[in-house]
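All letters in the sequence shown, in the order written, are residues 5 to 377 by our numbering.
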Amino acid sequence: MSQPARALVPWLAGVALVVIVMGTLGANLHADVSGPAVWGALLAGGAVLPALLPLPTQVALPLSGVLVGLYFTAGYADGPVFLAVPALALVHASRVAPRRWAVPALLAVVAVVAGLWLRHVLHNADRAPSLWQAVGVTALVAAAGAAGAAGRSRRAAAAERARSVAGEERLRMAADLHDGVGHGLAVIAMQAGAALHVLDRDTEAARASLEAIRSTSKESLDLLRTQLARLSDPADAPRTPVPGPADLRALVARVRAGGLAVGLDAPDDLDDLPDDVGRAVYAVVQEGLTNVLRHAAASSAAVSVRRSPSGVVVTVEDDGHGPAADSAGGGLGLVGMRSRVEALGGRLEAGPRGGTAGFRVRATMPLTAGVTR
């Protein structure tokens with residue numbers, strides 16, 4: 005339901021209540037409904053109802069009780085206006101009561117109204133007004149319960165949408181942290197191992213590894229600060245440049261500096277890829293190389309990016325043994341890659357290379373997704 009349509013619901017409920025109350029009041033032969041003050045009071049009550057419906061129960065019920073009390077204190081006609089408080093109570097109760105109580109509660113109300121009507125019939129020869137009064141009261145009860153249930157359903161749907169959006173945001177942020185910070189930590193670990201290995205015999209190589217550790221740790225800390233800022237205040241969080249295909253060579257060079265032989269086979273015309281496809285290309289290569297560093301115990305890796313008029317294929321493979329089933333992170337990197345690729349209408353394959361040792365990750369994405377730069 006659109007926002008304007010939702011805004012009309014309380015007003016339609018108010019109109020319905022006015023019609024029902026007027027009809028049942030007119031059916032009551034003991035009430036004097038000829039005075040304009042009575043009709044004016046009822047119309048005012050219907051106009052006030054939309055303001056009462058959104059209020060919390062502990063505010064709406066006492067306020068409606070005061071309004072009805074003022075109605076009687078002013079000396080207006082007795083009649084079904086006293087149902088305003090029970091009707092409003094039903095609206096609010098049905099907002100929070102379990103759905104399974106709706107039918108039994110309605111049947112109980114119908115039974116009570118029918119009993120009162122029969123009792124009235126036995127003491128009143130004029131039966132038609134009493135019948136219409138019973139029907140009007142029952143309709144009022146049903147309308148109040150339906151209004152409350154509809155409000156509860158709308159709130160439940162809104163809460164579910166909010167939970168879904170929050171869940172998607174958490175998954176996206178987890179994937180961003182895993183891709184960025186996880187990759188940085190893997191590079192730092194590899195560079196630290198290389199520095200320790202050559203520290204005693206090649207101080208320049210050790211210095212280069214330490215410089216790489218400092219640079220990578222700074223990048224990872226910047227990314228972490230940005231993500232934490234988005235958690236505390238998304239509107240004021242700093243915007244960091246999003247890496248894309250143009251950053252692939254720097255990414256591969258950073259991994260090579262740690263001692264892993266990495267080959268890169270990619271065309272030069274990747275900068276005009278759609279933005280989200282370009283980001284996904286970088287993310288797949290980054291996560292693929294991170295897995296090689298963390299899990300594969302490989303001596304070399306190869307990165308390939310192939311572009312066609314209809315799509316792009318990204319492949320990262322190594323000569324190691326691939327990630328273990330119980331590796332740290334529970335496969336979050338592969339899950340994040342898969343969800344990112346599938347969100348663009350693509351497909352991700354990950355598993356051992358056929359016929360030879362090693363592991364392969366291959367992502368196929370169409371170029372129809374996203375917005376071109």
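Beta carbons are placed, not taken as given, at the ideal position from N, Cα and C, and that holds for glycine.
Using only the alpha-carbon positions, how far apart do residue 279 and residue 354 sit?
24 Å
Which partner residues of residue 321 appear in the DSSP bridge assignment?
306, 364
Taking the continuous alpha helix (DSSP H) assigned at residue 282, which residues delimit it?
279-295
Put residue 271 into one of helix, strand or coil per three-state DSSP.
coil
Pick helix, strand or coil for residue 3, following the three-state DSSP scheme.
Outside the displayed span of the chain (5 to 377) sits residue 3, for which this structure offers no information.
Assuming contact is defined by CB atoms lying nearer than 8 Å, are residue 288 and residue 365 in contact in what I supplied?
yes
Using three-state DSSP, classify residue 219 as helix, strand or coil.
helix
Proximity winner among 357, 229, 349, 168, relative to residue 372 (alpha-carbon distances)
349
What first and last residue would you give for the alpha helix (DSSP H) that runs through residue 260?
252-260
In DSSP terms, what residue 352 is bridged to:
367
In this structure, how does DSSP classify residue 210 when only helix, strand and coil are distinguished?
helix
Give me the residue from 271, 302, 285 with the minimum Cα distance to residue 262.
302
Measuring CB to CB, does residue 274 end up less than 8 Å from residue 298?
no
Taking DSSP as the reference, what is the three-state secondary structure of residue 265?
strand
Supposed contact pair residue 264 and residue 305 - C-beta distance, whole angstroms, cut 8 Å:
6 Å
Can you have a look at residue 293 and say buried or exposed, based on whether 16 or more other CB atoms are within 10 angstroms of its CB?
buried
Excluding the 5 residues preceding and the 5 following residue 224 in the sequence, name in chain order all residues of the same chain whose CB lies nearer than 6 Å to its CB.
185, 188
State buried or exposed for residue 427, treating a residue as buried only when at least 16 other CB atoms are found within 10 Å of its CB.
Residue 427 lies beyond the stretch modelled for the chain, which goes from 5 to 377, so this question has no answer here.
Nearest-angstrom Cα separation, counted from residue 266 out to residue 405
Past the edges of the chain, shown from 5 to 377, lies residue 405, and the structure says nothing about it.
For residue 315, three-class secondary structure by DSSP
strand
Return helix, strand or coil for residue 357, following the three-state DSSP convention.
coil
Assign residue 331 to one of three DSSP states: helix, strand, or coil.
Its pLDDT being 48, under 50, residue 331 is placed unreliably in this model, and the value from its coordinates should be taken loosely. The answer is coil: DSSP assigns residue 331 none of H, G, I, E or B.
Indicate the three-state DSSP secondary structure (helix, strand or coil) for residue 247 in the structure shown.
coil
Of the residues 256, 180, 164, which one's Cα is nearest the Cα of residue 340?
180
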